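Below: one structure, written as structure tokens.
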């Protein structure tokens, strides 16, 4: 796949010998591709990503994959922090209020397939910013088509399951096996934030308290794709 170089000065060495084991999907939450490029390449902003997928599906390479881009911030996945050092970040030009264009999804599917092959990253290693930064970030948001990626083997999706008891304790334990951080009352986030992060990705239409469908889906994700970093 051809990419257009628009190099950012905002990067560094990956720490402690870490290599990419995750791919983190973001939306830019900006009005245009050019506005996003300006921010991601501005040294004063101190943010970047490895790739930006523009409004019409053009792919911009901002940081070399072997380097540490500054896209994830505070958070963790699979019980481990410093996600920047163990991930590749992809921004998609989108305000967060509209569906993602088909041309952007096609470009993302092509790019993801190459990255996963190049770094031997499994489909379960493709996550959203909202997954690793529970309660702090919402991207790529409820309009992003995670199920479409899963049908191409580029992400994961729970199987429809029989009704399951809706226990917060069981949901949290399954969520942690899948990769989410444990919620802590009075800490960084509470249970409601964890439930919202899960629903943003897997049930964006769902409302109200934890239900049996949430519990069954999370149990299935944890059973089939427990996240254990190599």
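Numbering (our numbering), first residue to last: 74 to 303.
Just so you know, even glycine gets a beta-carbon here, dropped at the ideal spot from N, CA and C.
On a predicted model such as this, the values are computed, not experimentally measured, just so you know.
Using a threshold of 7 Å, state whether the C-beta atoms of residue i and residue j are closer than that.
i: residue 207; j: residue 270; result: yes
i: residue 81; j: residue 113; result: yes
i: residue 288; j: residue 239; result: yes
i: residue 156; j: residue 145; result: yes
i: residue 264; j: residue 256; result: yes
i: residue 293; j: residue 232; result: yes
i: residue 172; j: residue 250; result: no
i: residue 100; j: residue 195; result: no
i: residue 96; j: residue 179; result: no
Less than 6 Å between C-beta atoms, sequence neighbours within five positions excluded: which residues of the same chain meet that for residue i?
i: residue 222; result: 228
What is the rounded straight-line gap between the Cα of residue i and the Cα of residue j?
i: residue 224; j: residue 98; result: 17 Å
i: residue 106; j: residue 117; result: 19 Å
i: residue 279; j: residue 272; result: 7 Å
i: residue 124; j: residue 150; result: 21 Å
i: residue 83; j: residue 217; result: 27 Å
i: residue 175; j: residue 281; result: 31 Å
i: residue 161; j: residue 126; result: 14 Å
i: residue 198; j: residue 138; result: 16 Å
i: residue 110; j: residue 215; result: 23 Å
i: residue 295; j: residue 268; result: 15 Å
i: residue 104; j: residue 128; result: 10 Å
Please go through the same chain and pick out, in chain order, the residues whose beta-carbon is closer than 8 Å to the beta-carbon of residue i, but skip the five residues on each side of it.
i: residue 86; result: 140, 141
i: residue 303; result: Note that residue 303 scores 48 on pLDDT, short of 50, meaning its location in the model is unreliable and no value can be drawn from it.
i: residue 75; result: 132
Since residue i and residue j are thought to touch, with beta carbons under 8 Å apart, how far apart are those beta carbons, to the nearest angstrom?
i: residue 169; j: residue 102; result: 5 Å
i: residue 297; j: residue 201; result: Not quite, the Cβ-Cβ distance comes to about 18 Å (not below 8 Å), so this is no contact.
For the ligand ADP, is there a heavy atom less than 6 Å away from the beta-carbon of residue i?
i: residue 276; result: The ligand ADP is not part of the structure shown, which contains no ligands of any sort.
(request) Could you say if the segment 165-173 and the segment 196-206 meet the contact criterion of at least three C-beta pairs nearer than 8 Å? (result) no
(message) Contact between the segment 242-252 and the segment 126-138 is defined here as three or more beta-carbon pairs at a separation below 8 Å; is this criterion met?
(response) no
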